[in-house]
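**Student:** Going letter by letter, the sequence shown gives residues 18 to 234 in my numbering.
Before we start, here is the structure in question, set down as structure tokens.
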Amino acid sequence: MSSAFRLPPSQRDFEVYFKVAFYSVSTWRTAELFNISQTRVRQLVTLVGDWVAENLPDFGEADLQKQVRLAQHVAANRLEHQYEQAMNFWNAEGDPKHLRQATRIAVAQARLGIVAGRVHALAADVTEGPLELGDPIPGASGADIPVCRDNDAADKNVCPTHSPNGDFSGESNQAARSARRKKSPQVIVLKCSSSGSGGSGSIRSAACRYLKAACSA
């Protein structure tokens with residue numbers, strides 16, 4: 018047996034390697050899937066592994082740190098997906114084992130120390146443009162900009178994203194909101210289109226939820 022591939026491995030060779038090395042498929046099952054002997058599977062795993070080791074790029078210290086950071090964010094999103102799946106099973110079946118699994122995943126997320134969703138936000142910045150707090154959320158009809166109104170003044174915005182004088186967080190805003198609440202009950206009208214781009218996890222939906230919480234605060 019030669020010690021290394023003279024040419025790059027074939028697609029089948031890579032698939033055999035991925036099955037055993039990445040997906041934890043047994044060599045016996047892999048041999049059955051590819052209609053080759055179990056001994057041949059072991060040979061291919063060794064040879065392809067050696068070829069990959071020889072041809073992987075040699076990262077410098079800065080590049081290695083970037084790869085580590087990417088791996089952390091990939092792991093964070095995988096954990097978040099597993100957590101969502103566990104909670105879906107818990108809600109559907111009510112079996113405590115799913116809740117225990119979700120708790121273990123949450124602990125692993127905390128130990129990792131990386132919040133999931135940063136890669137999605139980066140992708141949104143590139144594809145949809147950056148979003149700042151207080152920015153209007155555009156929609157197909159322009160009707161999904163969240164507003165808060167008083168019962169007795171339907172045309173007056175009583176929950177602005179900032180005050181007219183540019184003070185975003187001063188005591189004047191808080192005093193004005195308190196006075197309006199005493200004057201009449203406040204009804205929150207949050208107009209967020211359910212159609213169009215983006216599902217429940219889209220930036221638009223997240224912004225609507227944030228602004229709804231801000232209005233009710």
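Ideal placement from N, C-alpha and C gives every residue a C-beta, glycine not left out.
It should be emphasised that the depicted structure is a prediction, and the values quoted were computed from it without experimental measurement.
Hey, out of L61, L24, Q102, L73, whose CA is closest to R117's CA?
**Tutor:** Minimum Cα distance to R117 is reached at Q102.
**Student:** In the DSSP assignment, find the alpha helix (DSSP H) that holds Y40 and state where it starts and stops.
**Tutor:** Y40 -> no alpha helix (DSSP H), and no H or E assigned at all.
**Student:** Who are the near neighbours of V136 in its chain, counting only those whose CB is closer than 6 Å to its CB and skipping five residues on each side?
**Tutor:** The answer, listed in chain order, is H90.
**Student:** Between the beta-carbon of N94 and the beta-carbon of A133, is there less than 8 Å?
**Tutor:** Going by C-beta atoms, N94 is nearer than 8 Å to A133.
**Student:** Do the segment 59-77 and the segment 38-47 meet, that is, are 3 or more Cβ pairs less than 8 Å apart?
**Tutor:** Contact holds: three or more Cβ-Cβ distances are below 8 Å.
**Student:** Report the option in A88, V58, W45 whose CA atom is closest to the CA atom of R29.
**Tutor:** Considering only alpha carbons, the answer is V58.
**Student:** Would F106 and H115 qualify as a contact pair, given that the criterion is a beta-carbon distance under 8 Å?
**Tutor:** Yes, they are a contact pair.
**Student:** When burial is assigned at 16 or more other CB atoms within 10 Å of the CB, is T47 buried or exposed?
**Tutor:** The residue is buried, with at least 16 neighbouring Cβ atoms inside 10 Å.
**Student:** From E78 to G66, what distance separates their C-alpha atoms?
**Tutor:** Roughly 24 Å between the two C-alpha positions.
**Student:** Could you tell me if C176 is buried or exposed, where buried requires 16 or more neighbouring beta carbons within 10 angstroms of its beta carbon?
**Tutor:** Confidence at C176 is low in this model, with a pLDDT of 46, below 50, so the placement of that residue is unreliable and no value is reported for it.
**Student:** Specify, as a first and last residue, the run of the alpha helix (DSSP H) that D142 falls within.
**Tutor:** Residues 135-144.
**Student:** Could you check the C-alpha separation between A119 and A109 for me, to the nearest Å?
**Tutor:** For A119 and A109, the distance between alpha carbons rounds to 14 Å.
**Student:** Closest by CA to Y100, which one among A123, E149, E145?
**Tutor:** Nearest of A123, E149, E145 to Y100, Cα basis: A123.
**Student:** Assuming contact is defined by CB atoms lying nearer than 8 Å, are L139 and A92 in contact in what I supplied?
**Tutor:** No; because the gap between Cβ atoms is not below 8 Å, this pair is not in contact.
**Student:** Taking the CB atoms as reference points, tell me whether P113 and W68 lie closer together than 8 Å.
**Tutor:** Not in contact: P113 and W68 (Cβ atoms no closer than 8 Å).
**Student:** Can you tell me whether V85 is buried or exposed? The criterion is at least 16 other CB atoms within 10 Å of its CB, across all chains shown.
**Tutor:** The residue is exposed, with fewer than 16 neighbouring Cβ atoms inside 10 Å.
**Student:** My output table needs one value for I122: the three-state DSSP class, helix, strand or coil.
**Tutor:** Note: I122 maps to helix in three-state DSSP.
**Student:** Are there 16 or more other CB atoms within 10 angstroms of the CB of L96, so buried, or fewer, so exposed?
**Tutor:** Label assigned to L96: buried.
**Student:** Mapping DSSP to helix, strand and coil, what is F76?
**Tutor:** Reduced to three states, the DSSP call for F76 is coil.
**Student:** Hey, does D142 have any beta-carbon neighbour from chain B nearer than 8 Å?
**Tutor:** In summary, chain B is missing from the structure at hand, where a single protein chain is found.
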